[in-house]
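Data first, discussion second: the structure below is written as structure tokens.
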Amino acid sequence: MENNSEIDRARETSLPTPQETALRRSLLKAGFGVGGVLMARQAKSTFDTPYQCTLSGQMSGNVSRNDGTTPNCRIGLSPGFWQQCSRFTTDWVVTPPKICKKVNGSWRVYTRTDPPAFPEIKETSKWKVSDTVSVSGSTVACTLGATLSSVLGTTVGLTGIPGLGGSTTRQVSLWELVAYGNNSSAFPQPIGQFARHIAAAVLNAKAYPTTYPITMSQLRAIWDAITGGGTSTSGQYQLMGTGLDAGQIQDYLNTTWG
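For the sequence shown, counting from 1, position 113 maps to 113 in my numbering; every step adds exactly one.
As structure tokens, this is what we get:
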């Protein structure tokens, strides 16, 4: 039978941390609801990777070490890398975007490094991100590429940029996030910047499944906790208690790409 001190300790560990309470409050103000609470106490087994560059390592300071005893965390690619149009056909590990631009009256597949300027890309007379066009006599299907929700395996996503293709309830693509997630004209902040980090991490997890230090299931749990999706497998994740906020998650993800 439990004594009173054991009951008190159990009650204390079930209470939200000050950081979690603050995050709840900030997310409520931003309109994301009380479900927008970050994961807290990850099951230890889910962090057993060959690297110590994990979220649990972030909490204990492992990611800040550079003394040769801790492996380098920078084994992924940044959002800036994944947004590059010139890499659509070679480096994307999911359905890539294929954006078409009208040049001198003819449609061409856009292959430059930087994404088109925002909001210029919404000008349908100059750009196509959906539908088909004729490029040098061949039919090309223009697309924004795979959506965050479909690749992450969750029903909870963000709606796409209004006017950028499809309906206003269209699920946002990974490319839209890495290209424009940090743009307050495209996405409300801070969720846009946070989603941009998640999108890049998703692409890294797909590209380097055996070495990237955070898995798709962990990313899904983080995303669902932030958005209130709640699709994590029962018992695999405990979504309360670590005190990691969105900014700290972003800081951690920054350590995983060069």
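For each residue, glycine too, the CB sits at the ideal point set by N, CA and C.
Residues near T139 by beta carbon distance below 6 angstroms, same chain, minus five either side = Around T139: T132.
Between which two residues does the beta strand (DSSP E) harbouring A141 extend?
-> From DSSP, the beta strand (DSSP E) with A141 extends over 138-141.
Closer than 6 angstroms by C-beta to A186: which residues in its own chain qualify, once you throw out the five before and the five after it? Chain order, please.
-> So the list reads F118, I161, Y180, once near-sequence residues are dropped.
Counting Cβ pairs, one atom from each stretch, are 3 or more of them under 8 angstroms apart for the stretch 161-180 and the stretch 216-225?
-> Because the criterion of three Cβ pairs below 8 angstroms is not met, the stretch 161-180 and the stretch 216-225 do not touch.
Paired residues, beta bridge with C85 - DSSP = Answer is none; C85 lacks a bridge partner.
Considering only residues of the stretch 150-236, which uninterrupted alpha helix (DSSP H) runs meet the minimum length of 4 residues and lie entirely inside it, listed in chain order?
-> Qualifying alpha helix (DSSP H) stretches, in chain order: 174-180, 191-207, 216-227.
Whole beta strand (DSSP E) runs in the stretch 106-147 with 3 or more residues, listed along the chain?
-> Qualifying beta strand (DSSP E) stretches, in chain order: 106-109, 132-135, 138-141.
Opposite W92 in the DSSP bridges: which residues?
-> Within the DSSP bridge table, the entry for W92 names no partner.
Nearest to R108 by CA position, among S136, F81, A146, is which residue?
-> That would be S136, whose Cα lies nearest to the Cα of R108.
Could you please give the first and the last residue of the uninterrupted alpha helix (DSSP H) stretch that includes G247?
-> Run containing G247: 246-254, per the alpha helix (DSSP H) assignment.
Below 7 angstroms between beta carbons: does that hold for S134 and T111?
-> In terms of Cβ geometry, S134 and T111 do not form a close pair [threshold 7 angstroms].
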